[in-house]
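Only one structure is covered here, and it is reproduced in the block below.
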Amino acid sequence: MHLKGCGGGGGCRCAPITSAMSSAAGPDLAEAPEERCFLSTAEAAALERELLEDYRFGRQQLVEWCGHASAVAVTKVFPLPAHSRKQRTVLVVCGPEQNGAVGLVCARHLRVFEYEPTIFYPTRSLDPLHRDLTTQCEKMDIPFLSYLPTEVRLINDAYRLVVDAVLGPGVEPGKVGGPCMRALATLKLLSIPLVSLDIPSGWDPETGGDAEDGLRPDVLVSLAAPKQCAGRFSGRHHFVAGRFVPDDVRRKFALRLPGYTGTDCIAAL
Amino acid sequence: MHLKGCGGGGGCRCAPITSAMSSAAGPDLAEAPEERCFLSTAEAAALERELLEDYRFGRQQLVEWCGHASAVAVTKEYEPTIFYPTRSLDPLHRDLTTQCEKMDIPFLSYLPTEVRLINDAYRLVVDAVLGPGVEPGKVGGPCMRALATLKLLSIPLVSLDIPSGWDPETGGDAEDGLRPDVLVSLAAPKQCAGRFSGRHHFVAGRFVPDDVRRKFALRLPGYTGTDCIAAL
């Protein structure tokens, strides 16, 4: 099974996934595989486990890097203008799982970068990290919407762009609840730009699923490394926020990732 | 008591500390004080408490921002070696140590007392030994001996938060202490930064929310774009 396209510029040649690779529970392959550009859902989970268990990174650290890097990506594509208040407004839609936590961090950093984020976080996680991240946003006076208008024109008029932090890879859409799914239905009709964190919410993380029916983000920020469905991303900008992935881990997963410049935390693909 | 100088460029005028301010346990002042450039040790601790307890930031987050910002201040393709003779049993320290070990950063088992060996082997030294509010007597012999060696350094020295061994308020005996070339103040400059006379002073404080900055009446420089440090 070849990866459909690559999503990366510059003549990236992705290696076909052999049956040996696809059946491996983890990437401990005897032979050195040709590098590839995407991770499957299982590999992404294994990479995260390695960072948490072997490297002893904290989830707080990982979520913070991903959220900060996502905010930096927003500033690159949508720089602040000198005037016009509306040009600073951003709606961040957060789901109840880790993708939503990244969204909360992203909103806070957008605030630090002098944007005016508003958060819609209808289904709240009881997890302490989520609760603390929520408190941090509340203390920094970031408004939380109690409901999301179903009339998409109201969203188009009020915000310059929307950040989709609803569903990450490995989260069953059925688990996130009605309000999130209704929000995604509204976001499909958006005419302002959409930035998806890690994967476009609702896409099958491997195949992309039914692309006509799903979200069509303008910007994708892949966290740690691109997921396989990123091969079907056809928006304007694809960034990877993966500077925190140690070289040894990158090599272990046979990932080809772009070079980062200076102290940048994101790289454009 | 006036703050001795400012350490910041651009004509910063620091307000004198009135007795009302200096006796306050915390910065809940009825009148809005004129902004100033430095924090006392007690205020720095209060600011950190506010971030941890009221804002619910995690210590992991704060330490990560400060460390990252310090690295940005130093920046660009360095090959670090760590001397960490007296290890904390605190889980955060242990995890951060593991992260460094897993990234193949060497840890020295001892620091040469012959400073020439350090001058020859490294391009610069980062001093992350003592912060404000840490009693020098508590950190142990190897750290104090390391500081004695660092005083003789001829390569550049970058101190994190305060030059280790300086009195956090007064700077102490400046001739006897470390003389860093670069100071990276964490969250906000401490009072002793007024006596810093090295080449570069940065503040790594972008994570301090505006409300907290105002509450402590701090004048901090503006940050550019997405920068995490600002030059003073």
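Heads up: the protein sequence lines correspond to chains A and B, in order.
At position 28 of the first sequence (counting the first as 1) the number is 28 in full-length UniProt numbering, and the numbers step up by one without a gap.
At position 41 of the second sequence (counting the first as 1) the number is 41 in full-length UniProt numbering, and the numbers step up by one without a gap.
The C-beta atom is built at its ideal place from N, Cα and C for all residues, glycine as well.
| query | result |
| --- | --- |
| Per-residue contacts from A:E35 into chain B (C-beta, under 7 Å) | Under the 7 Å cutoff, chain B gives no residues; its nearest Cβ is about 20 Å from A:E35. |
| Reduced DSSP secondary structure (H/G/I, E/B, other) of A:L51 | helix |
| Cβ-Cβ distance between A:I199 and A:V72 below 8 Å | no |
| Cross-chain neighbours of A:M140 in chain B, by beta carbon under 7 Å | P209 |
| For A:T263, three-class secondary structure by DSSP | coil |
| Nearest to A:V163 (by Cα), restricted to the options A:P173, A:L184 and A:P226 | A:L184 |
| Residue nearest to A:P226 in terms of C-alpha spacing, selected from A:Y159, A:L215, A:P205 and A:G214 | A:P205 |
| Cβ of A:R56 within 8 Å of any chain B Cβ | yes |
| Counted within 10 angstroms of its Cβ, other Cβ atoms place B:P112 as buried (16 or more) or exposed | exposed |
| Where B:F57 meets chain A, residues with beta-carbon distance less than 7 Å | Q136 |
| Residue environment, A:F113, which counts as buried when at least 16 other CB atoms sit within 10 Å | buried |
| Chain B within 8 Å of A:F144, Cβ atoms only | no |
| Environment of B:F38 [buried if 16+ CB atoms lie within 10 Å] | buried |
| Cα-Cα separation between A:R160 and A:Q136, rounded to whole angstroms | 23 Å |
| Residue-chain proximity (B:G205, chain E), Cβ-Cβ < 8 Å | In the displayed structure, chain E is absent; the protein chains listed are A and B. |
| Per-residue contacts from B:W99 into chain A (C-beta, under 7 Å) | Reading off the sequence shown, one finds Gln at residue 99 of chain B, where the question assumed Trp. Under the 7 Å cutoff, chain A gives Y55, R56 and F57. |
| Short CB-CB distance (under 8 Å) between A:L110 and chain B | no |
| Partners in chain B for A:A72, counting only beta-carbon separations shorter than 8 Å | Sequence inspection shows Val at residue 72 of chain A; the Ala mentioned does not correspond to that position. What A:V72 touches in chain B: T226. |
| CB contact below 8 Å: A:G26 versus chain B | Residue placement at A:G26 is flagged as unreliable, the pLDDT there being 47, under the threshold of 50; the coordinate-derived value follows with that caveat. With 8 Å as the cut-off, A:G26 does not count as an interface residue toward chain B. |
| Length-filtered (4 minimum) alpha helix (DSSP H) runs lying within the stretch 28–93 of chain B | 41–49 and 59–74 |
| Beta-carbon gap between B:R199 and B:D181 smaller than 8 Å | yes |
| Residue-level contact to chain B via CB, A:T261, 8 Å cutoff | no |
| Chain B residues whose Cβ lies nearer than 9 Å to that of A:T89 | In chain order: nothing, as chain B lies at least about 18 Å away. |
| Residues near B:S154 in its chain [Cβ-Cβ closer than 7 Å; skip 5 each side] | N119 |
| Buried versus exposed, by CB contacts within 10 Å (16 or more), A:T150 | exposed |
| Residue-level contact to chain A via CB, B:E48, 8 Å cutoff | no |
| Element boundaries [alpha helix (DSSP H), containing A:V77] | R59 to V77 |
| Under the three-state DSSP convention, the category A:T89 falls into | strand |
| Straight-line gap, B:S185 to B:F83 (C-alpha atoms, nearest Å) | 21 Å |
| Residues that A:K227 bridges to, as DSSP identifies them | A:L39 |
| Chain B within 8 Å of residue 271 of chain A, Cβ atoms only | Residue 271 of chain A lies beyond the stretch modelled for chain A, which goes from 1 to 269, so this question has no answer here. |
| Anticipated Cβ contact below 8 Å, A:D218 with A:P193, distance rounded | 4 Å |
| C-beta contact flag for A:V176 and A:G95 at 8 Å | yes |
| Cross-strand partners of B:S159 (DSSP beta bridge) | B:D127 and B:L183 |
| Cα-Cα separation between A:K252 and A:P258, rounded to whole angstroms | 16 Å |
| Cβ shell of A:A268 (< 6 Å), same chain only, five flanking positions each side left out | F239 |
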